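>
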Amino acid sequence: MSRGLRILLGVLGVILVLAAVLAIAITVMIRRPFPKTDGRVELDGLSAEVTVIRDEMGIPHIYAENEKDLYFAQGYVHAQDRFWQMEFWRHIGQGRISEIAGEATINSDKFIRTMGWPRMAQDSLDYLTETEPEFIELLEAYSAGVNAYIADNEGALSVNQTVLGLVNEPWEIEPWTPL
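Quick note, the sequence shown lines up with residues 206 to 384 if you use the working numbering.
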């Protein structure tokens, strides 16, 4: 075998090994954030047993003995399926999307803040706290469910978060609240 052919085969071998390592790394990075949708999950914060059954389309059906547990489970399941979308829209609504997307979205943040969306949301929450305390308890139960999901899956919340963390500065996931 000629020297040139050996060098070519060596280079091709190195490229194949690197491609295999890259494929494995990408597969692990993408599959890691997939939620656990079967089996049993023990969660602190529930007062009674809750059952979540996903149909053949993956749609969750939640059965609970009381409203607070129902909302807690809904928050958990919602975060399982849509955490990235929830986090993205929370940042948009607060006028903070540039924390995730970078400088290109600063004008959007300025617009949202100028329009007063965060202030209006706080005013609405204050009003509901005074007039509908039972509703606030349900929002808090939902938020606790989202936070339970975050705690159970720290570091593996979504593919989008993983990819954006590689591209931009990683951001801190804040605890979920009714606001």
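The beta-carbon is built from N, C-alpha and C at its ideal position, and this holds for glycine as well. If you're wondering where the values come from, they're calculated on a predicted model, not measured in any experiment.
As a quick exercise: from Ala253, Ile267 and Leu248, pick the residue whose alpha carbon is nearest that of Arg259.
With distances taken between Cα atoms, Arg259 lies closest to Ile267.
> Since Val351 and Ala278 should fall inside the 8 angstroms C-beta cutoff, what is the C-beta to C-beta distance between them, to a whole number of angstroms?
That belief does not hold up - the Cβ atoms of Val351 and Ala278 are roughly 11 angstroms apart, past 8 angstroms.
> For the putative contact between Leu343 and Glu272, defined by C-beta atoms under 8 angstroms, what is the C-beta separation to the nearest angstrom?
Going by Cβ atoms, the distance from Leu343 to Glu272 rounds to 6 angstroms, so yes, they are a contact pair.
> Express the C-alpha separation of Thr242 and Phe340 in angstroms, rounding to a whole number.
Rounded to the nearest angstrom, the two C-alpha atoms are 28 angstroms apart.
> For Tyr332, count neighbouring Cβ atoms within 10 angstroms of its own Cβ and tell me buried if that reaches 16, exposed if not.
Burial call: exposed.
> Do Asp383 and Leu330 have their C-beta atoms within less than 8 angstroms of each other?
The residue asked about is misnamed: residue 383 is Pro in this sequence, not Asp. Yes, they are a contact pair.
> Please classify Ile317 as buried or exposed, where buried requires at least 16 neighbouring CB atoms within 10 angstroms.
Classification of Ile317: buried, given that the 10 Å Cβ count is 16 or more.
> If we ignore side chains and look at the alpha-carbon of each, how far apart do Leu371 and Pro380 end up?
Any reading at Leu371 needs caution, since the residue's pLDDT is 49, under 50, leaving its predicted position unreliable; the model's value is listed next. Cα-Cα distance, rounded: 22 angstroms.
> In whole angstroms, what separates the C-alpha of Met262 from that of Leu251?
Approximately 26 angstroms, taken between the alpha carbons.
> Look at Ile305 and Phe288 and say whether their C-beta atoms are less than 8 angstroms apart.
Against a cut-off of 8 angstroms, the Cβ pair of Phe288 and Ile305 comes out as no contact.
> Assuming Gln299 and Pro323 make a contact with CB atoms under 8 angstroms, what is their CB distance in whole Å?
About 5 angstroms separates the two Cβ atoms, so the contact holds.
> In angstroms, rounded to a whole number, what distance separates the CA positions of Met325 and Asp286?
C-alpha separation (whole angstroms): 28 angstroms.
> By the DSSP assignment, the beta strand (DSSP E) with Thr256 in it spans what residues?
Its beta strand (DSSP E) spans residues Val255 to Arg259.
> Taking the beta carbon of Ala225 as the centre, do at least 16 other beta carbons fall within 10 Å, making it buried, or is it exposed?
Ala225 comes out exposed.
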